[in-house]
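Scroll down for the structure; my scribbles are underneath it.
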Amino acid sequence: MLRNLEFDMKSVNRTVLLGNMGKAPEFRTLPSGDRVANFSVCTTEKWKDRSTGELKEHSEWNKVQVREKGTVDYLERYAQTGSKVYVEGTLRTRKVPGTNGGDDRWFTDVDATLVNLLDRARESDSGPSQPESRPTPAPAEKPASRPRAVRSQPTGEDRSPRRNVQQEPNGFETDDALKDKPRF
0 MLRNLEFDMK SVNRTVLLGN MGKAPEFRTL PSGDRVANFS VCTTEKWKDR
50 STGELKEHSE WNKVQVREKG TVDYLERYAQ TGSKVYVEGT LRTRKVPGTN
100 GGDDRWFTDV DATLVNLLDR ARESDSGPSQ PESRPTPAPA EKPASRPRAV
150 RSQPTGEDRS PRRNVQQEPN GFETDDALKD KPRF
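For the sequence shown, numbering that gives the first Met the number 0 assigns the number 0 to the initial residue and increments by one for each residue that follows.
In structure tokens, the structure reads:
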């Protein structure tokens, strides 16, 4: 099986990060007029040292660049220092020439294709900007303590026969028509 994989997949350059923004993204406009967002993500791994039993921790800082207009706008509105963030992208290595005859420096960044802020709901009123107000969903009804029969009412467009739907104590509905079908 591994041999087939070797021929089917030439190479993969994919990075996934789940961590916290070190500081709010920096935004700049390129000469072409395109906007770019840059930020760093801190990821932390924790483990228990087998020999000492001591808890160990290592943090890694990854620089991320975003070029997609919609994502840049999204980050400008909602991202802030410490935001929990999920990032998918590809690794890009770039060379920066050394100054005053010094050695060239190499940097590896993540060129993000997807960015999702995971804690937007916890933003405070003092944040740089707030999301548009959305209607609050109605509270869910408690499921009945015992099963009750519910009949769907056909509309003028609904020509299907009536089905007897049973409300179970766990909140799920069962359909009498499914009782005779084999289960896998």
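Cβ atoms here follow ideal geometry from the backbone N, Cα and C, with glycine treated the same way. None of these values were measured; they are calculated from a predicted model.
(message) Taking only three categories from DSSP, how would you classify valine 40?
(response) Residue state, collapsed to three classes: strand.
(request) Below 8 Å on the Cβ atoms is my guess for threonine 86 versus valine 71; work out the distance and round it to an integer in Å. (result) Here residue 86 turns out to be valine, not threonine, going by the sequence shown. In this structure valine 86 is not in contact with valine 71, their Cβ atoms being roughly 14 Å apart against a cut-off of 8 Å.
(request) Just confirm the distance between the C-beta atoms of valine 40 and leucine 74, as a whole number of angstroms; I'd bet it's less than 8 Å. (result) Not confirmed; about 12 Å, so no contact.
(message) Below 8 Å on the Cβ atoms is my contact criterion, and I expect leucine 17 with threonine 43 to pass it. Report the Cβ-Cβ distance as a whole number of Å.
(response) Contact doesn't hold; Cβ gap of about 10 Å is too wide.
(message) I'd like to know whether the C-beta atoms of glycine 88 and valine 109 end up nearer to each other than 7 Å.
(response) Yes; because the gap between Cβ atoms is below 7 Å, this pair is in contact.
(request) Would you kindly check if the distance between the Cβ of threonine 92 and the Cβ of threonine 107 is under 7 Å? (result) For threonine 107 and threonine 92, yes; Cβs fall inside 7 Å.
(request) Sort Pro30, Asp48, Glu59 and Glu53 by Cα distance to asparagine 19 and report the nearest one. (result) Answer by Cα proximity: Glu59.
(message) Output needed for lysine 94: all residues of its chain with C-beta closer than 7 Å, excluding positions within five of it in sequence on either side, in chain order.
(response) Counting only Cβ-Cβ distances below 7 Å, and skipping sequence neighbours, we find Asp103 and Trp105.
(message) Which residue marks the beginning of the beta strand (DSSP E) containing leucine 54, and which one marks its end?
(response) Its beta strand (DSSP E) spans residues 54-65.
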